[in-house]
Amino acid sequence: MLDATNRSGGTATASPRASAAQLTTAALVPAATPATALTTGFAARCARVLLSPWSRLSLLVVLLVSAASAMLLLEPQRLLTDGLPSQLGGAAAVVAYAVAYGVCTVAFVPRPILNLAAGALFGSQLGLGAALGGTVLGAGLAFCLGRALGQDALRPLLRGRWLKAADHQLSRHGFRSMLAARLFPGVPFAASNYCAAVSRMGLLPFLLATGLGSIPNTAAYVVAGARASTPTSPAFLIALACITVPGVVGAVVAWRKRHQLRAR
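Residue numbers (the numbering used here): 780 to 1043.
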């Protein structure tokens, strides 16, 4: 019987069984060919390019431009005159409108038009529910898209003093900062969504601040849309005042801040 070590001279000799096993394993595992290695390397390089931050940012831009172009062709503002399709009714219509509302806000359709349409189609209560649901849904979609496709490419560009200050404010005090942005009528909805996505703000505080901060302005537009047929009613006049007064105050504050920044 042969051993792995020769007892007389101490010289190692290969066991026949071990040699047979090694030969069998080598036969079963094929050696990597140059063509296979080249294909694997090319696939890895393509994956790195496609998943790079700037490639994902380019994809985000293409998606947003395509969505905005589709909204220009579909003309969602026709809901104010044509109404919903006859096949929709009841709760299904409210849910469908909330989903369409969210998609439209991602495609930069102005929210005042959608809020007025919600009030005109469903009345004050159901219209407010549909508009708020669509607002939170659209903000969440924009936040997730911006976080997944744009954050890695845009964060290194936050080099200016004001950009760094805004990023610090949203990252450290996200809920109250976003709540103030939603309550202030001069802050664009889409811009605040993507600014929050680029920052390190969490998704849950963002959605909570969006839902709570959007109630006053959304309710005013919905009530105005619901009572548009009676423009002299107290509800319509109050809603119109709730829309106009914050807008004027916001414009005055922005103008004064502009002069203060110039003075510095």
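C-beta: ideal position from N, C-alpha, C; glycine also.
Check each candidate in 918, 868, 832 and name the one with the smallest Cα separation from residue 989. Here residue 989 corresponds to residue number 210 of the sequence shown, with the count starting at 1. If we check each option's Cα against that of residue 989, 918 comes out closest.
Compare the Cα-Cα distances from residue 840 to each of 896, 925, 893, 854 and report the closest residue. Walking along the sequence shown from the start, residue 840 turns up at place 61. The option with the nearest alpha carbon to residue 840 is 925.
4 or more residues per run - each alpha helix (DSSP H) lying fully within the segment 865-910: 870-885
Touch check for the segment 994-1009 and the segment 884-904: three-plus C-beta pairs under 8 Å? yes
Considering only C-alpha positions, which residue in the set 869, 886, 941, 960 is nearest to residue 920? As a first step, residue 920 is located in the sequence shown; it is residue number 141 there, counting from the start. That would be 886, whose Cα lies nearest to the Cα of residue 920.
The alpha helix (DSSP H) spanning residue 832 covers which residue range? Your numbering for residue 832 matches position 53 in the sequence shown. Counting along the chain, the alpha helix (DSSP H) containing residue 832 begins and ends at 832-853.
What's the gap between the Cα of residue 967 and the Cα of residue 961? Your numbering for residue 967 matches position 188 in the sequence shown. Your numbering for residue 961 matches position 182 in the sequence shown. Cα-Cα distance, rounded: 9 Å.
At the level of alpha carbons, what is the spacing between residue 932 and residue 902? Within the sequence shown, numbered from 1, the residue matching residue 932 stands at position 153. Within the sequence shown, numbered from 1, the residue matching residue 902 stands at position 123. Their Cα atoms are separated by approximately 43 Å.
Which residue's Cα is closest to the Cα of residue 889: 877, 855, 909? Taking the sequence shown and counting its residues from 1, the one referred to as residue 889 is at position 110. Nearest C-alpha to residue 889: 855.
Are at least three pairs of beta-carbons, each pair with one atom in the segment 904-915 and one in the segment 978-993, less than 8 Å apart? yes
Helix, strand or coil for residue 966, going by three-state DSSP, please let me know. The residue you call residue 966 lines up with position 187 of the sequence shown. Looking at residue 966 - three-state DSSP - the assignment turns out to be coil, as it is neither helix nor strand.
Buried or exposed: where does residue 873 fall if 16 or more other Cβ atoms within 10 Å of its Cβ makes it buried? Locating residue 873 in the sequence shown gives position 94, where the first residue counts as 1. Looking at its Cβ environment, which holds 16 or more other Cβ atoms inside 10 Å, residue 873 is buried.
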